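For the sequence shown, position 92 matches number 92 in this note's numbering, and the numbering has no gaps at all.
In what follows, a structure is listed as structure tokens, so that the remarks can point back to it.
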Amino acid sequence: EHGKALRSERVILHPDEIARQGLLPFLGSPLPPDYIILKAFMGADYGVFRHCKPDTFEIYHQENTYLACHDGREWHIFRKGDFKGEKEIIPSVLKTAATLKPGRIMLSDRALEAAELIPLNDGAYHDYYCTL
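Printed below as a string of structure tokens:
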């Protein structure tokens with residue numbers, strides 16, 4: 001509901017190209033981006049855990065670029081470069097991902113608060129799954 005859709009573009013990238021981009025986690029799992037991407041490609045190759053080859057999109061906001069990746073199970077959003085992701089941009093990045101492909105994403109409690117989303121899981125945790 002909050003935020004506005006940002007300019008985005010679908011990109012087709014090989015895992016090696018993704019690894020060379022120096023990505024840093026922004027939204028989603030806090031695991032290293034190289035691990036998440038490799039897990040998605042390997043999961044798709046072996047047909048396990050509902051993984052598929054990742055759909056990847058670049059999302060643009062001013063001079064900053066984010067790489068959004070949907071691995072068949074959930075969204076992972078990385079930032080390209082060592083800029084500080086501002087919490088005000090979180091709703092717009094999530095709204096953009098939701099327009100690209102419905103899915104879910106893991107958010108920290110601070111990101112959840114900034115996005116003003118309702119988590120899918122009950123209870124007090126450090127991370128929550130939300131639908132986009």
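C-beta: ideal position from N, C-alpha, C; glycine also.
On a predicted model such as this, the values are computed, not experimentally measured, just so you know.
DSSP beta-bridge partners of C69: T56, H76
With 16 other Cβ atoms within 10 Å as the buried cut-off, status of E74: buried
Cβ shell of D55 (< 8 Å), same chain only, five flanking positions each side left out: R10, C69, H70, L100, K101
Sequence-distant residues of the same chain with beta carbon closer than 8 Å to V31, five excluded per side: The sequence as given places Leu at residue 31; Val does not occur at that position. Only P25 meet the Cβ criterion.
P119 versus M106: straight-line alpha-carbon distance, rounded: 9 Å
Cβ contact check for the stretch 90-100 and the stretch 32-48: 3 or more pairs under 8 Å: no
Rounded distance between the beta-carbons of Q21 and K80, thought under 8 Å: 6 Å
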